[in-house]
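Student:
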Amino acid sequence: MRLIEALDYQDMSRKAARFILDQVKEKPDCVLGLATGSTPIGLYEQLIEWHKKGELDFSRVTSFNLDEYCGLAPEHEQSYHFFMNEKLFRHVNFESSHVPSGLAEDAELCADYDRQIADRGGIDLQLLGLGHTGHIAFNEPGDSFSTGTHKVALAEETIEANSRFFESRDEVPRFAVTMGIGTIMAARKILLVVNGTGKAEILKKALFGPVTPQVPASILQFHPDVVIVADTDALSAIRQEGLF
Ligand code: F6R
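Numbering (our numbering), first residue to last: 4 to 247.
1. Short of 6 Å in beta carbon distance, which residues of its chain neighbour M4, apart from the five on each side in sequence? Order them along the chain.
2. Let me make sure I understand the geometry here. Which of D60, E244 and C33 has the alpha-carbon closest to that of Q129?
3. Roughly how many angstroms lie between the CA atoms of I241 and D11, to the nearest whole one?
4. Spell out whether any CB of chain B is found under 8 Å from the CB atom of I222.
5. Beta-carbon separation of A158 and V197 under 8 Å?
6. Quick check on V197: does DSSP put it in helix, strand or coil?
7. What number of angstroms, rounded off, separates the C-alpha of R167 from the C-alpha of E89?
8. Assuming R123 contacts T186 (C-beta within less than 8 Å), just tell me the rounded distance between them.
9. Quick one: which unbroken alpha helix (DSSP H) runs of 4-plus residues sit fully inside the segment 11-62? Chain order, please.
10. Would you check if the distance between the CB atom of T161 and the CB atom of E143 is smaller than 8 Å?
11. Does the pairing of the segment 132-141 with the segment 175-184 give three or more beta-carbon distances under 8 Å?
12. In terms of residues, what are the limits of the alpha helix (DSSP H) holding Q243?
13. Apart from the five residues on each side of it in sequence, which residues of its chain come closer than 6 Å, Cβ to Cβ, to L91?
14. Taking the straight line between their C-alpha atoms, what separation do you get for R191 and I222?
15. Suppose you measure from the CA of G212 to the CA of Q224; what does that come to, to the nearest Å?
16. Can you determine whether any heavy atom of the ligand F6R sits closer than 7 Å to the C-beta of H138, and answer yes or no?
17. Check for me: the beta strand (DSSP E) holding N68 runs from which residue to which?
18. Is any heavy atom in the ligand F6R found nearer than 7 Å to the beta carbon of L131?
19. Assign D236 to one of three DSSP states: helix, strand, or coil.
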């Protein structure tokens, strides 16, 4: 586990984007796992800037996103399909990009997503954000770690946190389709990006607490190649305990 400190959001975005740049340069036909949410927006802006300057070519890269809300069509403005198109895909040149279908509730369609990842040789670098509940993708705290892509009920805290993107809390979907912990852990490298004091306690638990499905991100302690890029605010609780 490599923990890298960034001064602020912008610095975190640049430092984390560099890992993606390096991955694409090292293996131009790599498979990237991508995330939505507020955290990676600055990172995507940096990738777009490098692409526009001709420094980063995604023409042989395939991407697979972590998750999607159930019941939202790809053109719905709050869907993760729409988010990815707006924030990244329409500005760059991926060979192909995949977001799980929000209409793919049935197990067969979920299994098909994992099969597509496997057929493409697995994920080389998986980008992750960290939820306030300790979730990664939409794997919420529970009694066991999930394996493959599946449908989940979102935690109340996640619905609350994500209501900022919707007109009202009632509009936030209650279910999502998400890559499982097994899918994520199979990635060859993992890049976790975290910012803000609001994530400081959960980041400490995830990286230094017991590995437990009650804190799904804690499983990352068992991954052989994880880089965490976190800003000073997000690292504050870890620093306070003298762990960093
Ligand atoms: C998004 C995802 C989620 C977010 C997490 C943090 O695809 O899978 O796990 O990464 O909820 O969200 P933000 O970045 O909005 O704080």
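Ideal Cβ positions, reconstructed from N, Cα and C, are used throughout, including at glycine.
Tutor: For this structure:
1. The beta carbon of M4 sits closer than 6 Å to those of V229, all from its chain and outside the five residues before and after it, given in chain order.
2. The option with the nearest alpha carbon to Q129 is C33.
3. Rounded to the nearest angstrom, the two C-alpha atoms are 16 Å apart.
4. The chain inventory of the structure shown lacks chain B, comprising one protein chain alone.
5. A distance of 8 Å or more separates the beta carbons of A158 and V197.
6. Correct three-state label for V197: strand.
7. Answer to the nearest angstrom: the Cα atoms are 18 Å apart.
8. Actually they are not in contact, since the Cβ atoms of R123 and T186 sit about 13 Å apart, beyond 8 Å.
9. DSSP runs (the alpha helix (DSSP H)) wholly in the segment 11-62: 12-29 and 44-55.
10. For T161 and E143, yes; Cβs fall inside 8 Å.
11. Short answer: they touch.
12. From DSSP, the alpha helix (DSSP H) with Q243 extends over S239 to Q243.
13. For L91, where only same-chain residues beyond five positions count, the Cβ hits under 6 Å are Y47.
14. A direct Cα-Cα distance of roughly 15 Å separates R191 from I222.
15. Their backbone Cα atoms lie some 9 Å apart in a straight line.
16. At least one heavy atom of the ligand F6R is nearer than 7 Å to the Cβ of H138, so yes.
17. T65 to N68 is the span of the beta strand (DSSP E), which, as asked, contains N68.
18. Relative to the ligand F6R, the nearest heavy atom lies less than 7 Å away from the CB of L131.
19. In this structure, DSSP gives D236 a state outside helix and strand, which the three-state scheme calls coil.
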